[in-house]
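There are 2 protein chains.
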Amino acid sequence: MTQPMKPTHSIEIKELLQLSNRTIKTVKGQYLFQEGEKAEELYLIVSGKIQISKINKDGRELALRICGENDICGELTLFTHSPKFLLSALVIEEGEVAVIKKEVIETEIFQNSALAFEFMKWMSDHFRKTQTKFRDLVLNGKKGALYSTIIRMTNSYGIKKTDGILIDLPLTNQELGNFCGTSRESTNRMLNELKREGIISIKKGKITVHNLKYLKDEIGCENCPVIYCSIE
Amino acid sequence: MTQPMKPTHSIEIKELLQLSNRTIKTVKGQYLFQEGEKAEELYLIVSGKIQISKINKDGRELALRICGENDICGELTLFTHSPKFLLSALVIEEGEVAVIKKEVIETEIFQNSALAFEFMKWMSDHFRKTQTKFRDLVLNGKKGALYSTIIRMTNSYGIKKTDGILIDLPLTNQELGNFCGTSRESTNRMLNELKREGIISIKKGKITVHNLKYLKDEIGCENCPVIYCSIE
DNA sequence: ATTAAAATGTGAACTACTTCACATCTTTAA
DNA sequence: TTAAAGATGTGAAGTAGTTCACATTTTAAT
Numbered sequence: 002m003t004q005p006m007k008p009t010h011s012i013e014i015k016e017l018l019q020l021s022n023r024t025i026k027t028v029k030g031q032y033l034f035q036e037g038e039k040a041e042e043l044y045l046i047v048s049g050k051i052q053i054s055k056i057n058k059d060g061r062e063l064a065l066r067i068c069g070e071n072d073i074c075g076e077l078t079l080f081t082h083s084p085k086f087l088l089s090a091l092v093i094e095e096g097e098v099a100v101i102k103k104e105v106i107e108t109e110i111f112q113n114s115a116l117a118f119e120f121m122k123w124m125s126d127h128f129r130k131t132q133t134k135f136r137d138l139v140l141n142g143k144k145g146a147l148y149s150t151i152i153r154m155t156n157s158y159g160i161k162k163t164d165g166i167l168i169d170l171p172l173t174n175q176e177l178g179n180f181c182g183t184s185r186e187s188t189n190r191m192l193n194e195l196k197r198e199g200i201i202s203i204k205k206g207k208i209t210v211h212n213l214k215y216l217k218d219e220i221g222c223e224n225c226p227v228i229y230c231s232i233e
Numbered sequence: 002m003t004q005p006m007k008p009t010h011s012i013e014i015k016e017l018l019q020l021s022n023r024t025i026k027t028v029k030g031q032y033l034f035q036e037g038e039k040a041e042e043l044y045l046i047v048s049g050k051i052q053i054s055k056i057n058k059d060g061r062e063l064a065l066r067i068c069g070e071n072d073i074c075g076e077l078t079l080f081t082h083s084p085k086f087l088l089s090a091l092v093i094e095e096g097e098v099a100v101i102k103k104e105v106i107e108t109e110i111f112q113n114s115a116l117a118f119e120f121m122k123w124m125s126d127h128f129r130k131t132q133t134k135f136r137d138l139v140l141n142g143k144k145g146a147l148y149s150t151i152i153r154m155t156n157s158y159g160i161k162k163t164d165g166i167l168i169d170l171p172l173t174n175q176e177l178g179n180f181c182g183t184s185r186e187s188t189n190r191m192l193n194e195l196k197r198e199g200i201i202s203i204k205k206g207k208i209t210v211h212n213l214k215y216l217k218d219e220i221g222c223e224n225c226p227v228i229y230c231s232i233e
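Heads up: the sequence lines are chains A and B, in that order. In case it helps, this note's numbering puts the first sequence at residues 2 to 233. In case it helps, this note's numbering puts the second sequence at residues 2 to 233.
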């Protein structure tokens, strides 16, 4: 009984791949790009995982998303004349990415309306995802941030099991806290409270959600389509 | 010495206007649309001001942006098959909006690559704006949220004066707080602290910023282009 | 000009979250 | 297999922000 729940984007990946002139092997722990660096390229993940984050002036990290296969990153500087990365992209699982020059994609989008349409759709979905995520963070306090993050992770990495949904991505309390803008200790305390109440359980850094409804109710989740509710 | 600092978007407004089949007169205090309603149209503001917000389950409001002339709102549901508004749009200054059917704009974008390109650029800018705003809210606490909001307002509604920048938009403490996810009282206390230190002053609900650098330094502002740093 | 309504200002108690400090448990590398 | 490193768990103190309650000031309506 192992049924992945990962949503798929409908962007024409193959078309984008044709625009790529090279691929990079990504190595765990290395940065694909970092905030402030000159941004002239966009990346299509072929395999592996990349975590996108923002680091503030006193060193606190806010993790924004994890990109997996067929995701795009570095897109934030498209159509811009001040090409500096606003975020950092850390490789958390080795793999390969296809590199696409910004000018190339900008030109192609102008000429290829099907691609333009697909790309726009992707941006639109991506935007909604980000916006609803932040809303949860700001509007529902730290608990809301954690619950929202867990819910999103069940959509991105959830595997249905008899006793609930296993989030198939090992995460430390610190890493999870980075997604919520929360300290390691607070994250730990909140997780333990959820454990005590039987809402979740954790084994080897992987969370199993036993009562998803509880989490959703707590943050007033409107059960919007899965595609807008993930951490990719 | 009155020099407006409002940035302009380069979207081909005229082209979008041609797609509109009707206009609506907006009345202060009324909603253009509300969360949950069926979303089949997109709005181009011809005149007046519309405030976009999200209301959470216990009635707290998070204000996201204020749309003025030539802004687009209701765009969040484009390219979607579950067309429900995620946000509410309140008229805060009467005026007129042009209504464009979603299908019409989707078809047109597919056929008109120049429009597609311009629209994408708009979306891209808009996305960056939203993302950097939320980052400030989450990463720098409530003070960061307030400072960020004030900085953005100087970019959207600022008028240069001899003693600083006047934000030409009257706002109550409550309204300002709604932009920051902060209570009225906290907003008031933070504003008074800024007043005491001479950073700002307030007359008839309008803030004048005397020391913008102070605010920027406090939140580690990277002085990104004005176009990504506004509340529109 | 007068009054009502709305907005501001502020103390005090309370709640949420962070930080520090340190103990314990788990994983990894030699 | 056993150190060492890394991750978790938790009390206690401190900080930030909210809420409540009410006084004062400002604005709008007649």
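Glycine included, every Cβ here is placed at the ideal spot set by N, Cα and C.
Looking only at its chain, what residues have a beta carbon closer than 7 angstroms to the beta carbon of residue i, apart from the 5 residues adjacent to it on each side?
i: B/Glu-94; result: Lys-29, Gly-49 and Lys-50
i: A/Val-92; result: Thr-27, Val-28, Lys-29, Gly-30, Gln-31, Leu-33, Gly-49 and Ile-51
i: B/Lys-39; result: Pro-84 and Lys-85
i: A/Met-191; result: Lys-144 and Leu-147
i: B/Gly-69; result: Ile-46, Lys-50 and Glu-233
i: B/Glu-62; result: Ser-54, Ile-56 and Asn-179
From the DSSP output, read off the bridge partner residues of residue i.
i: B/Val-257; result: Look at the range of chain B in this structure, 2 to 233, and you will see that residue 257 of chain B is not part of it.
i: B/Val-92; result: B/Ile-51
i: B/Lys-85; result: B/Lys-39
i: B/Glu-62; result: B/Ile-56
i: A/Cys-68; result: A/Ile-51
i: A/Ser-202; result: A/Thr-209
i: B/Phe-34; result: B/Ala-90
i: A/Ile-73; result: A/Leu-45
Just how far apart, CA to CA, sit residue i and residue j?
i: A/Glu-198; j: A/Leu-216; result: 12 angstroms
i: B/Ser-184; j: B/Asn-57; result: 14 angstroms
i: B/Lys-7; j: B/Gly-178; result: Caution is warranted here: a pLDDT of 38 is assigned to B/Lys-7, below 50, making its placement in the model unreliable, and the coordinate value is therefore given only provisionally. Cα to Cα, the separation comes out at about 23 angstroms.
i: B/Leu-195; j: B/Ile-201; result: 6 angstroms
i: A/Ile-12; j: B/Lys-85; result: Bear in mind that the predicted position of A/Ile-12 carries a pLDDT of just 48, short of 50, making it too unreliable to give a figure here.
i: B/Cys-144; j: A/Glu-16; result: Going by the sequence as given, residue 144 of chain B is Lys instead of Cys. Their Cα atoms are separated by approximately 45 angstroms.
i: B/Gly-99; j: B/Ala-90; result: In the sequence on display, residue 99 of chain B carries Ala and not Gly. About 14 angstroms.
i: B/Leu-140; j: B/Val-105; result: 39 angstroms
i: A/Thr-171; j: A/Ile-203; result: First, the residue type needs correcting, since residue 171 of chain A is Pro and not Thr in the sequence shown. Each residue's alpha carbon lies about 10 angstroms from the other.
i: A/Phe-135; j: A/Glu-223; result: 15 angstroms
i: A/Pro-226; j: A/Leu-88; result: 27 angstroms
i: B/Gln-19; j: B/Glu-109; result: 11 angstroms
i: B/Cys-74; j: B/Gly-221; result: 30 angstroms
i: B/Glu-97; j: B/Thr-24; result: 7 angstroms
i: A/Asn-113; j: B/Lys-122; result: 16 angstroms
i: A/Lys-130; j: B/Lys-130; result: 15 angstroms
i: B/Thr-188; j: B/Thr-173; result: 10 angstroms
i: B/Gly-60; j: A/Thr-133; result: 17 angstroms
i: B/Met-124; j: A/Leu-138; result: 22 angstroms
i: A/His-82; j: A/Phe-128; result: 21 angstroms
Sorted by chain position, which residues of the same chain lie with C-beta nearer than 6 angstroms to residue i's C-beta, five sequence neighbours on each side aside?
i: B/Asp-72; result: Ile-46 and Glu-233
i: A/Ile-67; result: Lys-50, Gln-52 and Ile-232
i: B/Cys-181; result: Ala-146, Leu-147 and Thr-150
i: A/Glu-219; result: Tyr-148
i: A/Gln-35; result: Ser-89
i: A/Arg-153; result: Cys-230, Ser-231 and Ile-232
Could you pull out every residue in the same chain whose Cβ sits closer than 8 angstroms to the Cβ of residue i, ignoring the five residues on either side in sequence?
i: A/Ile-166; result: Met-6, Thr-155, Gly-159, Ile-160, Thr-209, Val-210 and Leu-213
i: A/Ala-64; result: Gln-52, Ile-53, Ser-54, Glu-176, Asn-179 and Phe-180
i: B/Ser-21; result: Leu-45, Ala-99, Val-100 and Ile-101
i: B/Lys-205; result: Pro-171
i: A/Met-2; result: Because A/Met-2 carries a pLDDT of 41, less than 50, the predicted location of this residue cannot be relied on, and the following value inherits that uncertainty. Correct list, in chain order: Lys-161, Lys-162 and Thr-163.
i: B/Lys-103; result: Ala-40, Glu-41, Glu-42, Leu-43, Thr-78, Leu-79 and Pro-84
i: B/Asp-169; result: Tyr-158, Gly-159, Ile-160 and Lys-207
i: A/Glu-107; result: Leu-79 and Phe-80
i: B/Phe-111; result: Ala-117
Fill in: Interface positions of the segment 190-219 of chain A facing chain B (Cβ-Cβ less than 7 angstroms), listed along the chain
none
Practice prompt. For the segment 115-130 of chain B and the segment 108-120 of chain A, state whether three or more C-beta atom pairs, one from each stretch, are separated by less than 8 angstroms.
Written response: yes
Worksheet item: Which residues, in chain order, does the segment 90-114 of chain B contribute to contact with chain A at a C-beta distance below 9 angstroms?
Response: Glu-107, Ile-110, Phe-111, Gln-112, Asn-113 and Ser-114
Discussion item. Which residues of the segment 40-64 of chain B have a Cβ closer than 7 angstroms to any Cβ of chain A? Give them in chain order.
Written reply: Lys-55, Asn-57, Lys-58, Arg-61 and Leu-63
Worksheet item: Any residues in the segment 139-152 of chain A with a beta carbon nearer than 7 angstroms to a beta carbon of chain B? Which ones, in chain order?
Response: Val-139, Leu-140 and Asn-141
Worksheet item: Using Cβ-Cβ distances below 7 angstroms, what residues of the segment 152-181 of chain B are close to chain A?
Response: none
Practice prompt. For the segment 221-233 of chain A, enumerate the residues whose C-beta is nearer than 7 angstroms to any C-beta of chain B, in chain order.
Written response: Gly-221 and Pro-226
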